[in-house]
């Protein structure tokens, strides 16, 4: 699609697209439900949970010593579950 700001400019609007959005941007139930399905509470596999300064320092040391590579780092499921409680 074309950016709303671009369309507004083409139409000579100086409101950055507000009139177009106010007039034409209604949300139908099917679209709303589809967008809701895209949202979930699970973390993607490539996202690490936050860790304490102590845990970070230990991990940084492990990496510096070559004991673990960045590619080997995986979230700790027990820690992830504790954070969500």
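In my numbering, the protein residues as written are -18 to 66.
All C-beta atoms in this analysis are idealised placements derived from N, C-alpha and C, irrespective of residue type, glycine included.
| Asked | Found |
| --- | --- |
| Within 7 Å, strictly: CB atoms of residue -6 and residue 0 | yes |
| Residue -11 vs residue -18 beta-carbon contact at 7 Å | no |
| Which of helix, strand or coil DSSP assigns to residue 35 | helix |
| Range of the contiguous alpha helix (DSSP H) that encloses residue 4 | -1 to 5 |
| C-alpha gap between residue 9 and residue 37, whole angstroms | 45 Å |
| Simplified DSSP assignment, three categories, for residue 63 | Unreliable placement is indicated for residue 63, whose pLDDT of 47 sits below 50; the coordinate value is still reported in the next sentence. Here residue 63 sits in helix by DSSP. |
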